[in-house]
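Student:
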Amino acid sequence: MDIQTEKAYQKQHGIFQNSKNPAKRSKRWVKDVGHGFKTPVEAKTGNYVDKKCPWVGEVNIQGRILTGVVISTKMKRTIVLRRDYLHYVPKYNRYEKRHTNISAHLSPAFDNLAVETGDIVTVGQCRPLSKTIRFNVLKVQKAKSASKQFSKF
86 MDIQTEKAYQ KQHGIFQNSK NPAKRSKRWV KDVGHGFKTP VEAKTGNYVD KKCPWVGEVN
146 IQGRILTGVV ISTKMKRTIV LRRDYLHYVP KYNRYEKRHT NISAHLSPAF DNLAVETGDI
206 VTVGQCRPLS KTIRFNVLKV QKAKSASKQF SKF
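The opening residue of the sequence shown carries number 86 in this note's numbering; numbering runs sequentially from there.
Quick look at the structure:
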């Protein structure tokens, strides 16, 4: 994957690229997001540049850690996931099914997994990355079956 696909020159923030020592020129800065999540191999060995990536970018994971089912992968580096939950209605002493959709940034570190509709993803809260995106994908689990049902229960 060629990293120079955008109009602006793509480089990692804080890395000096004009060193006379060739070993320092090819350095890659990677961090651990914490919370028990492993850094993907693609983040360590790849050559992509993404300032919104939690491993090689300028984003910290803080706040909530949520899981959901992927319902859309049509946007570039963004997925939409669905979270199903039950809401209690005291008048009828019953629960009703509800859902909410969350947009999350998908780092190029997960491109080799080819995230598809129906996969279960774990996302972590971060600062606002755009108008609707406040979460970053941390882990992807492949879907077990392709059935459309209330996924949490």
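Idealized CB from N, CA, C, for every residue including glycine.
Give the range of the alpha helix (DSSP H) segment to which Thr-130 is assigned.
Tutor: Here residue 130 refers to the residue found at position 45 of the sequence shown. Element bounds for Thr-130: 126-130.
Student: Would you list the residues sitting across from Lys-224 in a DSSP beta bridge?
Tutor: On the sequence shown, residue 224 is found 139 positions in, with the first residue counted as 1. BP columns for Lys-224 point to Thr-207.
Student: Please name the residue, chosen from Asp-204, Phe-122, Asp-196 and His-184, that lies closest to Val-154 on a Cα-to-Cα basis.
Tutor: What you label residue 154 is simply residue 69 of the sequence shown in a count that begins at 1. Of the listed residues, the one whose Cα sits closest to Val-154 is Asp-204.
Student: If you scan the stretch 131-188 from start to end, which runs of the beta strand (DSSP E) of 3 or more residues do you find wholly inside it?
Tutor: List check, beta strand (DSSP E) in window: 150-160 and 163-174.
Student: So, for Asp-117: in the same chain, excluding its five sequence neighbours on each side, which residues have a beta-carbon less than 7 Å away from its beta-carbon?
Tutor: Position 32 of the sequence shown holds residue 117. Within the same chain, Asp-117 has close Cβ partners Thr-124.
Student: Nearest-angstrom Cα distance between Val-144 and Leu-223?
Tutor: Locating residue 144 in the sequence shown gives position 59, where the first residue counts as 1. Locating residue 223 in the sequence shown gives position 138, where the first residue counts as 1. For Val-144 and Leu-223, the distance between alpha carbons rounds to 12 Å.
Student: Excluding the 5 residues preceding and the 5 following Thr-217 in the sequence, name in chain order all residues of the same chain whose CB lies nearer than 7 Å to its CB.
Tutor: As a working mapping, residue 217 is identified with position 132 in the sequence shown. Cβ neighbours of Thr-217 beyond the five flanking positions: Ser-188.
Student: For Ser-240, which residues of its own chain have a beta-carbon under 6 Å away from its beta-carbon, when the five flanking residues on both sides are left out?
Tutor: Because the chain is modelled from 86 through 238, residue 240 falls outside the range shown and cannot be assessed.
Student: Assuming the contact rule is C-beta atoms closer than 8 Å, Trp-140 and Ser-192 should be a hit. Round their C-beta distance to whole Å, please.
Tutor: Looking up residue 140 in the sequence shown gives position 55. Looking up residue 192 in the sequence shown gives position 107. The Cβ separation is near 7 Å, so the contact holds.
Student: Name the residue from Asp-196, Val-225 and Arg-183 whose alpha carbon lies nearest to the alpha carbon of Glu-127.
Tutor: Against the sequence shown, residue 127 aligns to sequence position 42. It is Asp-196 whose Cα lies nearest to the Cα of Glu-127.
Student: Note down the Cα distance separating Glu-201 from Tyr-177, rounded to an integer number of angstroms.
Tutor: Numbered from 1 along the sequence shown, position 116 holds the residue referred to as residue 201. Numbered from 1 along the sequence shown, position 92 holds the residue referred to as residue 177. Rounded to the nearest angstrom, the two C-alpha atoms are 38 Å apart.
Student: According to DSSP, which residues form a beta bridge with His-190?
Tutor: To locate residue 190, count along the sequence shown from 1; it is residue 105. DSSP output for His-190 lists Thr-163 and Asn-221 as bridge partner(s).
Student: Judging by CA-CA distance, which residue of Gln-226, Lys-227, Pro-107 and Ser-215 is the nearest neighbour of Lys-136?
Tutor: In the sequence shown, the residue the question calls residue 136 occupies position 51. Comparing Cα-Cα distances from Lys-136 to each of Gln-226, Lys-227, Pro-107 and Ser-215, the minimum goes to Ser-215.
Student: Roughly how many angstroms lie between the CA atoms of Arg-168 and Asn-106, to the nearest whole one?
Tutor: Translated into positions along the sequence shown, residue 168 becomes position 83. Translated into positions along the sequence shown, residue 106 becomes position 21. So the two alpha carbons sit approximately 49 Å from each other.
Student: Kindly list the residues whose CB is nearer than 6 Å to the CB of Lys-129, restricted to its own chain and excluding five residues on each side of it in sequence; keep chain order.
Tutor: For the purposes of this step, residue 129 is identified with residue 44 of the sequence shown, where counting begins at 1. Hits under 6 Å: Val-115.
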